[in-house]
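See structure below.
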Amino acid sequence: MRFFNTSLIALAVALAITGCNGSKSSDTSSSSTTTSSDQTTSAPAANSGATTGGNEMPTYPGATVQASGTGSNMGTTATGKVLTTTDSFDTVYAWYQKNTPAGSEKSHVESPVQSAVFMVGDPSSGQNSVTITTQGGKTVITIAKVKM
């Protein structure tokens, strides 16, 4: 339950980027969750199973979607999904280093919690990000897209 709540909070933060700063706004959002109690994954080869297109961020092969959602507000739209895998942080991190454009890595922290952030694009045409972290023995991957 704690993992689910943390995943939803991470998704909410990604969607909060759409922020409301006017007196009128409209907001639509939806979320769905999928859980898997028995999954096995192995270290993927470079570009193996990656889903990309243009400035899109690739989805790590074998990761399981835990939550996803979309939102819009005053012309800004955001979509996001939270995935998990039993593969190590280092394996997932290395895969994203190989499968994202050069210069897209914006942050990499080893302590107190391993995390990394990759970003491509700009807000007007669609900014995409991947955040990798660990929780409860799993690697958590949050993919978000924001367009203003």
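For what it's worth, the working numbering labels the leading residue of the sequence shown as 2, then goes sequentially. Even for Gly, the Cβ is constructed at its ideal location relative to N, Cα and C.
- Rounded to the nearest angstrom, the Cβ distance from A95 to S108 is 16 Å, too far for a contact under 8 Å.
- The distance from the Cβ of I133 to that of K82 is about 13 Å, inconsistent with a contact at the 8 Å cut-off.
- Excluding residues up to 5 positions away in sequence, Y97, T101, S105, E106, V131 lie with their Cβ nearer than 6 Å to the Cβ of F119 in the same chain.
- DSSP places T143 inside the beta strand (DSSP E), whose first and last residues are 139-148.
- Rounded to the nearest whole angstrom, the CA to CA distance from T85 to A79 is 20 Å.
- For G76 and G127, the gap between their C-alpha atoms comes out near 12 Å.
- Excluding sequence positions up to five before and after S89, its CB lies within less than 7 Å of the CB of T140, all in the same chain and listed in chain order.
- By the neighbour-count criterion, in which 16 or more other beta carbons inside 10 Å mark a residue as buried, V110 falls on the exposed side.
- Excluding its 5 nearest sequence neighbours in each direction, T71 has C-beta neighbours in its own chain below 6 Å: T80, listed in chain order.
- The alpha-carbon of P62 is positioned some 12 Å away from that of T87.
- The C-alpha of T60 lies about 9 Å from the C-alpha of I142.
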